[in-house]
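Chemist: In this note's numbering, the protein residues as written are 10 to 310.
1. Quick one: Cα of residue 147 to Cα of residue 302, how far?
2. Is there contact between the region 290-307 and the region 229-238, where contact requires at least three CB pairs shorter than 8 Å?
3. Can you tell me which of the three DSSP states residue 83 falls into?
4. In angstroms with no decimal places, state the Cα-to-Cα distance between residue 188 and residue 173.
5. Give me the residue from 176, 67, 129 and 250 with the minimum Cα distance to residue 143.
6. Buried or exposed: where does residue 157 fall if 16 or more other Cβ atoms within 10 Å of its Cβ makes it buried?
7. Between which residues of its own chain and residue 205 is the CB-CB distance below 6 Å, once the five residues before and five after are set aside?
8. Buried or exposed: residue 304, going by 16 or more other Cβ atoms within 10 Å of its Cβ?
9. Compare the beta carbon distance of residue 65 and residue 85 with 8 Å and say whether it is the shorter of the two.
10. Report the three-state DSSP secondary structure of residue 182 (helix, strand or coil).
11. Enumerated in chain order, which unbroken segments of the beta strand (DSSP E) with a length of 3 residues or greater are wholly contained in the region 186-258?
12. Using the C-alpha atoms, what's the distance from residue 307 back to residue 269?
13. Can you confirm whether the region 112-122 touches the region 256-268 when touching is taken to mean that 3 or more C-beta pairs between the two stretches lie within less than 8 Å?
14. Quick check on residue 201: buried or exposed, where buried means 16 or more other Cβ atoms within 10 Å of its Cβ?
15. Can you list, in chain order, the residues of its chain whose CB lies under 8 Å from that of residue 127, leaving out five sequence neighbours each side?
16. Taking 8 Å as the threshold (beta carbon to beta carbon), is residue 106 in contact with chain B?
17. Put residue 167 into one of helix, strand or coil per three-state DSSP.
18. DSSP on residue 155, reduced to helix/strand/coil?
19. In the DSSP assignment, what residue or residues form a beta bridge with residue 100?
20. Helix, strand or coil for residue 93, going by three-state DSSP, please let me know.
21. In the DSSP assignment, the beta strand (DSSP E) including residue 274 goes from what residue to what residue?
22. As a quick exercise: from 253, 298 and 287, pick the residue whose alpha carbon is nearest that of residue 278.
23. Whose C-beta lies closer than 6 Å to the C-beta of residue 215 among residues of the same chain, with five residues either side of it excluded?
24. Measure the alpha-carbon distance for residue 281 versus residue 247 and round it to whole angstroms.
25. From the DSSP output, which residues share a beta bridge with residue 265?
26. Please return the same chain residues whose Cβ sits closer than 6 Å to the Cβ of residue 208, not counting the five positions on each side in sequence.
27. So for residue 173, helix, strand or coil by DSSP?
28. Out of 213, 117, 225 and 145, which has the shortest C-alpha to C-alpha gap to residue 276?
29. How many angstroms separate the CA atom of residue 71 from the CA atom of residue 125?
30. Nearest to residue 192 by alpha carbon, out of 159, 130 and 77?
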């Protein structure tokens, strides 16, 4: 039998060799090896198309969707386990996305969505949500000027709530929501407003899944969240007292199409310590009126 200089038999797979790494690569190495010092490879798991023929682009979208719901970031190992995807495949996809700033890698080895997505969002939103954003912007501008606080317009996007338009406030402690920013369905005023008006079957699926706890005030009990959603539907507005960001409170109102269907949520996020009860009530009334104004000018498409 002929053996080449590398010691590999012709027509045979190369033997698994121990990896040799520099000390500063230990973190990445631990995520890409099998726990015994051997590099993970798709040959030992599955190829870029699995048994069901899942293409790389679909896997890329699965990774981005997972990171969308994990603003704190996730490791290669974590994504691999969550998505039942080979670590080497996750690594290759993340490496490509990182090269284009679609994701960013932090010093602790976790990955988060990158700034390139914001740039892309700014280009496509004029097409994807042109009517809604164009109709809402004048009212949102007036609302920001009248309150001194920022406001944002959010819509459902798969299993998340995404900001499609925002206006910065001019107050000393005003916040500045970013277009393209994603929030979980169960935490936050705008999120709960949209969740409350989803199809009952979709709501039940959300309630049946584990509800992540972002702060001590996040509602993670399904029964309590369902009660909160019922209350929101009855009163016509939603509030958030530090459910997603401990010091950030918010109030939201529904934006409806002529059919009565809720298509977006208009909300005002603000720092809780900067507002007395009377001022919070004023913000609530103003966001309700502004959402109604936007709704009244949405064409019947």
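For glycine and all other residues, C-beta sits at the position ideal for the given N, C-alpha and C.
Everything numeric in this text was worked out from a predicted model, so none of it was measured.
Modeler: Concretely, from the data shown:
1. Answer to the nearest angstrom: the Cα atoms are 10 Å apart.
2. Put simply, the region 290-307 does not touch the region 229-238. Fewer than three CB pairs are less than 8 Å apart.
3. Under the three-state reduction of DSSP, residue 83 is assigned to strand.
4. Counting only the Cα atoms, residue 173 lies some 5 Å from residue 188.
5. Residue 143 has its Cα closest to that of 176, out of 176, 67, 129 and 250.
6. With a 10 Å radius around the Cβ and a threshold of 16 neighbouring Cβ atoms, residue 157 comes out exposed.
7. Here the set comprises 238, 241 and 242.
8. Burial state of residue 304 is buried, judged by a 10 Å Cβ sphere holding 16 or more other Cβ atoms.
9. Residue 65 is not a Cβ neighbour of residue 85, given a cutoff of 8 Å.
10. The DSSP-derived three-state label of residue 182 is coil.
11. The region 186-258 contains these whole beta strand (DSSP E) runs: 247-250.
12. Here the alpha carbon of residue 269 sits roughly 11 Å from the alpha carbon of residue 307.
13. With fewer than three CB-CB distances shorter than 8 Å, the region 256-268 does not count as touching the region 112-122.
14. Buried: at least 16 other Cβ atoms inside 10 Å.
15. The answer, listed in chain order, is 187, 188 and 189.
16. No chain B is present in this structure, which holds just one protein chain.
17. It is coil, neither helix nor strand.
18. DSSP places residue 155 in helix when its eight states are reduced to three.
19. Its beta-bridge partners do not exist; DSSP assigns none.
20. Here residue 93 carries a coil assignment [DSSP, helix/strand/coil].
21. Its beta strand (DSSP E) spans residues 271-280.
22. For residue 278, the closest C-alpha among the options 253, 298 and 287 is that of 253.
23. Only residues of its own chain outside the window of five on either side were considered, and among them 194 have a CB closer than 6 Å to the CB of residue 215, listed in chain order.
24. Approximately 16 Å between the Cα atoms of the pair.
25. Paired residues: 271.
26. Leaving aside the five residues that flank residue 208 on each side, none in its chain has a CB nearer than 6 Å to its CB.
27. Residue 173 sits in a strand when the DSSP states are folded into three classes.
28. Closest by alpha carbon: 145.
29. Going from the Cα of residue 71 to the Cα of residue 125 covers about 18 Å.
30. Closest by C-alpha distance to residue 192, out of 159, 130 and 77, is 77.
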